[in-house]
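Chemist:
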Amino acid sequence: MNSANGTEAGLKTLTIHADRFAPVLLCPRMRGRYAPVHVGQEVDQIWLTPTPGDPAARVVVDGVTVAAGQPSGPIRLQPGRNPVTIEVTATDGKTKCRFAPQFYRDYPGPAWRQVCGESPWLPRDSAGELVFDGRMWLLGGYTPEPARDVWCSRDGATWTRAGEVSASRSGIDIPMTWVFDGRMWVADMDGLLFASADGADWSLVTDQAPWRGRGAAGAATFAGRMWVMGGAAGGRFLNDVWSSGDGVHWTRELETAPWSRRMIHHTPLVMDGRMWLIGGAAMGDYYPFRTYQDVWCTEDGRHWEKVLDEAPWRGRIWGSTAVYRDRLWVLGGFRSEPAWENLGDVWYSVDGVQWNELSCPATCRHSGSANGPVVVDHSRWELRHEMSVYDHDGKLWVVGGMVWPLMNDVWSLDIAGLTFVTQPIVEDFAGTRYDYRARADFNRSRGRLQYRLVDSPAWLSVDSVTGLVEGVSPGPGDVTVTVEARDAAGETACQRYTLHILPAG
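In our numbering, the protein residues as written are 28 to 532.
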């Protein structure tokens, strides 16, 4: 359209703003359309800045006049589809163009929340982490110098320096840690074993532990004893297993465990009366990159059972593990092959055999242009390795870690119980088969779930076992769908959404 004769009514640019991300330029499509924009569940309002081709043109957003090139008022977003109307009127007062961008806000589900952007302790990775006396404890770490300081927090936002392991000359880096016999325990880089009942006063328990001299070993408290396993020492990898009832006298339970010799950068876990070893690595200076994705468990520390040969998550070093909501978790890490990259995936399992990835949609995403989608991801912590992970106060925590530069941020994930972990498909065409595989998880019993439709049109059905919602709509229109998940113990969760059926063509 020609601005010279006052008939220019197009948009030069359209930008979306939100509190959770920097301005994002939207991509125009043919016939005056714009790519649909998806935002995370945490984004409850946006602003739009429409810049017309003719600065003198009049711009109206959802019925409210907006100065050219200036942000609109706040636009509230509900979960699901949110249409916005933009009308540009040329200076001739007659020529008009109408634009209708669509914004889709995610439905509620498990989500990470940043509790603290910068903590008072130096950014670090490879710290020791323990939950003790109702607090999270951070012990030493790589800053990049090996540190000895000890910090604690009840809420992840306020941290207190409790003291330091001053008698350690080497410092603490990828340490073995335990909570045992009413005290916190940590082994420094020289293999000296220290203990403290308050985090301030640390005493040397022994400098003669028979496993001393190894690095990247696994440690756990299990069956009333402290355990050490695997690691690397003297130019070789290890798969022996040691235990102690007092931290001074150690018994070698196994010289050679049935699992392969390996480095164990994460924490062996304790769940369901068993100790679990999940993955590991054997590597030198990054190459060759040899990792394990197997899962083992034991009821006594001596007899080990392989429950899975290869888990679906990628092999990694410097990853983290935890038990949260009675499930085994694997988070983050690093790999040097086939790509040099930090990892940010999150996986969990109720039995070590069946693993599910917990996916958290990015904060803002659209299809972009030039074969490149636009993704702004502030909905979780940056990809990283050697962070500290805690199960504390009903939440799963990620603290610090290596991104480079090192980090001292704090994130938490709060899953109260049974909840849906999938996003519904909210649009389809009339006369075509609609299908959405709904899935809920995190029921306290960990038992099987049954699905049913509480509210839906007659043409929709759900598979009670798989959660597959499907059907063929006879015509266009909006319908309400409510899917319920329930276990035998009576715990329930519902996902209610609006399904928009569009006319074909």
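Here a beta-carbon is modelled for each residue, glycine too, at the ideal position from N, C-alpha and C.
Quick caveat, the model's predicted, so the values are computed rather than measured.
Nearest by alpha-carbon distance to Gly-311: which of Val-297, Ala-260, Gly-359, His-293 is it?
Modeler: Looking up residue 311 in the sequence shown gives position 284. For the residues Val-297, Ala-260, Gly-359, His-293, the minimum Cα distance to Gly-311 belongs to Ala-260.
Chemist: Between the alpha carbons of Ala-520 and Pro-55, how many angstroms are there, rounded?
Modeler: As a working mapping, residue 520 is identified with position 493 in the sequence shown. As a working mapping, residue 55 is identified with position 28 in the sequence shown. Each residue's Cα considered, the two are about 39 Å apart.
Chemist: Give the C-beta separation of Tyr-319 and Glu-156 to the nearest angstrom, bearing in mind that I take them to be a contact with Cβ-Cβ under 8 Å.
Modeler: Position 292 of the sequence shown, counted from the first residue, corresponds to residue 319. Position 129 of the sequence shown, counted from the first residue, corresponds to residue 156. 23 Å between Cβ atoms; not a contact.
Chemist: Starting from Tyr-461, trace the beta strand (DSSP E) in both directions and tell me its first and last residue.
Modeler: In the sequence shown, the residue the question calls residue 461 occupies position 434. Where Tyr-461 is concerned, the enclosing beta strand (DSSP E) stretches over 460-464.
Chemist: Run the proximity test for Val-192: is its beta-carbon closer than 7 Å to any non-hydrogen atom belonging to the ligand ADP?
Modeler: What this structure holds is no ligand at all, so the ligand ADP is not there to describe.
Chemist: Output needed for Pro-484: all residues of its chain with C-beta closer than 7 Å, excluding positions within five of it in sequence on either side, in chain order.
Modeler: Numbered from its first residue, the sequence shown carries residue 484 at position 457. Here the set comprises Val-506.
Chemist: Excluding five sequence neighbours on each side, which residues of the same chain lie with their C-beta closer than 7 Å to the C-beta of Gly-517?
Modeler: Residue numbering aside, residue 517 sits at position 490 when the sequence shown is read from its first letter. Nothing meets the Cβ criterion.
Chemist: Helix, strand or coil: how does DSSP classify Arg-58 here?
Modeler: The residue given as residue 58 occupies position 31 in the sequence shown. Correct three-state label for Arg-58: helix.
Chemist: List the endpoints of the continuous beta strand (DSSP E) containing Asn-109.
Modeler: Counting from one through the sequence shown, the residue named residue 109 turns up at place 82. Start and end: 107-110.
Chemist: Trp-340 lies in the beta strand (DSSP E); which residues open and close that run?
Modeler: In the sequence shown, residue 340 corresponds to position 313, counting from 1. Element bounds for Trp-340: n/a, residue is neither H nor E.
Chemist: Only counting the same chain, and skipping five residues up and downstream in sequence, which positions put a Cβ closer than 8 Å to that of Thr-233?
Modeler: Mapped onto the sequence shown, residue 233 falls at position 206. So the qualifying residues of the chain are Leu-219, Leu-220, Gly-274, Val-275.
Chemist: From Pro-173 to Asp-182, what does the alpha carbon distance come to, in whole angstroms?
Modeler: For the purposes of this step, residue 173 is taken as residue 146 along the sequence shown, with counting starting at 1. For the purposes of this step, residue 182 is taken as residue 155 along the sequence shown, with counting starting at 1. Whole-angstrom Cα-Cα distance: 26 Å.
Chemist: Spell out the partners DSSP gives Gly-258 in its beta bridges.
Modeler: Taking the first residue of the sequence shown as position 1, residue 258 is located at position 231. Looking at the DSSP assignment, Gly-258 forms a beta bridge with Leu-265.
Chemist: Rounded to whole angstroms, what is the Cα-Cα separation between Phe-159 and Asp-71?
Modeler: Mapped onto the sequence shown, residue 159 falls at position 132. Mapped onto the sequence shown, residue 71 falls at position 44. Each residue's Cα considered, the two are about 37 Å apart.
Chemist: Determine, using beta carbons only, whether Glu-69 and Ala-127 come nearer to each other than 8 Å.
Modeler: On the sequence shown, residue 69 is found 42 positions in, with the first residue counted as 1. On the sequence shown, residue 127 is found 100 positions in, with the first residue counted as 1. Going by C-beta atoms, Glu-69 is not nearer than 8 Å to Ala-127.
Chemist: Starting from the C-beta of Ala-195, find all residues in its chain whose C-beta is less than 6 Å away, skip the five residues before and the five after it, and write them out in chain order.
Modeler: On the sequence shown, position 168 is the one that residue 195 refers to. This sequence places Ser at residue 195; Ala is not what is there. Cβ within range, chain order: Arg-175, Asp-215.
Chemist: DSSP beta-bridge partners for Phe-447?
Modeler: Numbered from its first residue, the sequence shown carries residue 447 at position 420. According to DSSP, which records beta bridges pairwise, Phe-447 is partnered with Ala-467.
Chemist: Which first and last residues belong to the beta strand (DSSP E) in which Met-211 is found?
Modeler: Indexing the sequence shown from 1 puts residue 211 at position 184. Element bounds for Met-211: 210-214.
Chemist: DSSP on Ala-515, reduced to helix/strand/coil?
Modeler: As a working note, residue 515 is residue 488 in the sequence shown. Three-state result, Ala-515: coil.
Chemist: What does a CB cutoff of less than 7 Å around Gly-209 pick up in its chain, not counting 5 residues either side in sequence?
Modeler: To locate residue 209, count along the sequence shown from 1; it is residue 182. Here the set comprises Ala-224.
Chemist: Assuming Gly-136 and Val-357 are in contact, meaning their beta carbons sit under 8 Å apart, how far apart are those beta carbons, in whole angstroms?
Modeler: Along the sequence shown, read from residue 1 onward, the residue named residue 136 stands at position 109. Along the sequence shown, read from residue 1 onward, the residue named residue 357 stands at position 330. The Cβ separation is near 20 Å, so there is no contact.
Chemist: Take the Cβ of Trp-148 as the centre, count every other Cβ of all protein chains shown within 10 Å, and call the residue buried at 16 or more, exposed below.
Modeler: In the sequence shown, the residue the question calls residue 148 occupies position 121. With 16 or more other Cβ atoms within 10 Å, it is buried.
Chemist: Whose C-alpha, out of Thr-446, Asp-217, Pro-202, is nearest the C-alpha of Ala-247?
Modeler: Taking the first residue of the sequence shown as 1, we reach residue 247 at position 220. With distances taken between Cα atoms, Ala-247 lies closest to Pro-202.
Chemist: Apart from the five residues on each side of it in sequence, which residues of its chain come closer than 8 Å, Cβ to Cβ, to Arg-329?
Modeler: For the purposes of this step, residue 329 is taken as the residue at position 302 of the sequence shown. Excluding residues within five positions, the ones whose Cβ falls inside 8 Å are Val-268, Glu-280, Leu-281.
Chemist: Rounded C-beta distance between Leu-38 and Pro-77? I'm assuming under 8 Å.
Modeler: By 1-based counting over the sequence shown, the position of residue 38 is 11. By 1-based counting over the sequence shown, the position of residue 77 is 50. 6 Å between Cβ atoms; contact.
Chemist: For a quick check, are the C-beta atoms of Ala-349 and Trp-382 less than 8 Å apart?
Modeler: As a working mapping, residue 349 is identified with position 322 in the sequence shown. As a working mapping, residue 382 is identified with position 355 in the sequence shown. No; because the gap between Cβ atoms is not below 8 Å, this pair is not in contact.
Chemist: Could you give the distance in angstroms between the alpha-carbon of Gln-499 and the alpha-carbon of Arg-132?
Modeler: Locating residue 499 in the sequence shown gives position 472, counting from the first residue. Locating residue 132 in the sequence shown gives position 105, counting from the first residue. Note on identity: in this sequence residue 499 is Val, with Gln being the wrong assignment. About 25 Å.
Chemist: Going along the chain, which residues of its own chain have a beta-carbon closer than 7 Å to the beta-carbon of Trp-345, five neighbours each way excluded?
Modeler: For this step, residue 345 is matched to residue 318 along the sequence shown. Once the five neighbours on either side are set aside, the close Cβ partners of Trp-345 are His-292, Gly-360, Phe-361, His-412, Glu-413.
Chemist: Could you check where the beta strand (DSSP E) with Ile-305 kicks off and where it finishes?
Modeler: The residue labelled residue 305 in the question sits at position 278 within the sequence shown. Taken as a continuous stretch (DSSP letters only), the beta strand (DSSP E) holding Ile-305 covers 301-310.
Chemist: Could you check whether Ala-236 and Met-290 sit closer than 8 Å to each other, using their CB atoms as the reference points?
Modeler: On the sequence shown, residue 290 is found 263 positions in, with the first residue counted as 1. On the sequence shown, residue 236 is found 209 positions in, with the first residue counted as 1. Result no, Cβ atoms of Met-290 and Ala-236 do not sit closer than 8 Å.
Chemist: Measuring only the C-alpha atoms, how far is Thr-40 from Ala-49?
Modeler: Walking along the sequence shown from the start, residue 40 turns up at place 13. Walking along the sequence shown from the start, residue 49 turns up at place 22. Near 16 Å, if we compare the C-alpha coordinates of Ala-49 and Thr-40.
Chemist: So, is Tyr-313 buried or exposed, given that buried needs 16 or more other C-beta atoms within 10 angstroms?
Modeler: By 1-based counting over the sequence shown, the position of residue 313 is 286. Tyr-313 is exposed by the Cβ-count criterion.
Chemist: In angstroms, rounded to a whole number, what distance separates the CA positions of Ala-94 and Val-86?
Modeler: The residue you call residue 94 lines up with position 67 of the sequence shown. The residue you call residue 86 lines up with position 59 of the sequence shown. Those two C-alpha atoms are separated by around 7 Å.
Chemist: Based on the DSSP secondary-structure assignment, which residues constitute the bridge partners of Cys-387?
Modeler: Along the sequence shown, one-based indexing puts residue 387 at 360. None, per the DSSP bridge assignment.
Chemist: With DSSP as the reference, label Trp-139 as helix, strand or coil.
Modeler: Working through the sequence shown from its first residue, we reach residue 139 at position 112. Strand, per DSSP.
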